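See structure below.
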Amino acid sequence: MSANHPLGSTGADAAERETADWKALKGDVEGIADVAVERGRGFVDAARAHATDYVDQRKSDAARSVTDLAKSVRDSSKTFDDRPNIRAFFDSAAEGLEQLGSSIEKRSFSEFYEDAEAFARRAPVAVAVATFFTGFVVARFIKSTSAAPLPDSRTDYRA
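So the sequence shown is numbered by the numbering used here: it starts at 1130 and just counts up by one.
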C-alpha cells in the first residue's frame, strides 16, 4: 500500500488510467487511419485522372489510325476503276472504317467498357474462345522468340 493513494483506490486508478490510455491510443489510431484513407482517396483520384487522360490520348491515336487506314483503303480502291464490284467492296470497307474511327473518337472509355461487358454477358462462350485463342497465340509467340536451347554435351560425344 502506498502513502500517496488511499486504501483500495490504486487498483481502480490503474484501471482508469489503462482505460484512458486505450481510449487515447484508439483515438490516435483512428486519426492515423482517417489520414491514410484521405491520402488513399487522393491517390486513387489522381491515378484515375491520369489513367483517363492516358486513355483519352490513346483513344484519339486509335481513331486517327483507323481513319488513316480508311483513307488508304479508299485510295487503293481507285486502282479498281475498271472493276466496279471490287471498288464497291473497298469503298464499303473504307466507309465502315471511317464510321469506326468517328465512333472511337466520340465515345468515352466507360462506354467502351460497358459495351465490352455487355458483349461478354451476351456471348460468354465467344469471349472464352477468344481468350483461349489469344492465350494460345501469345504462348506460341513467346515460345518461338525464346532463345534456342543449348545442345546437351552428353549427346554430342557418344561412345
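In this text, a Cβ means the ideal position worked out from N, Cα and C, and glycines have one as well. Since the structure is predicted, the reported quantities are computational estimates derived from the model, not experimental observations.
Ala-1132 versus Phe-1172 - alpha carbon distance: Position 3 of the sequence shown holds residue 1132. Position 43 of the sequence shown holds residue 1172. With a pLDDT of only 49 at Ala-1132, under 50, the local geometry of the prediction cannot be trusted, and no value is derived from it.
Mind checking Val-1202: buried by the 16 CB within 10 Å criterion, or exposed? Residue numbering aside, residue 1202 sits at position 73 when the sequence shown is read from its first letter. By the 10 Å Cβ count, Val-1202 comes out buried.
For Gly-1264, count neighbouring Cβ atoms within 10 angstroms of its own Cβ and tell me buried if that reaches 16, exposed if not. As a working note, residue 1264 is residue 135 in the sequence shown. So Gly-1264 ends up on the exposed side.
Assign Ser-1237 to one of three DSSP states: helix, strand, or coil. As a first step, residue 1237 is located in the sequence shown; it is residue number 108 there, counting from the start. DSSP places Ser-1237 in coil when its eight states are reduced to three.
What did DSSP end up calling Asp-1204 once you bin it into helix, strand or coil? For the purposes of this step, residue 1204 is taken as the residue at position 75 of the sequence shown. Asp-1204 falls in the helix class under three-state DSSP.
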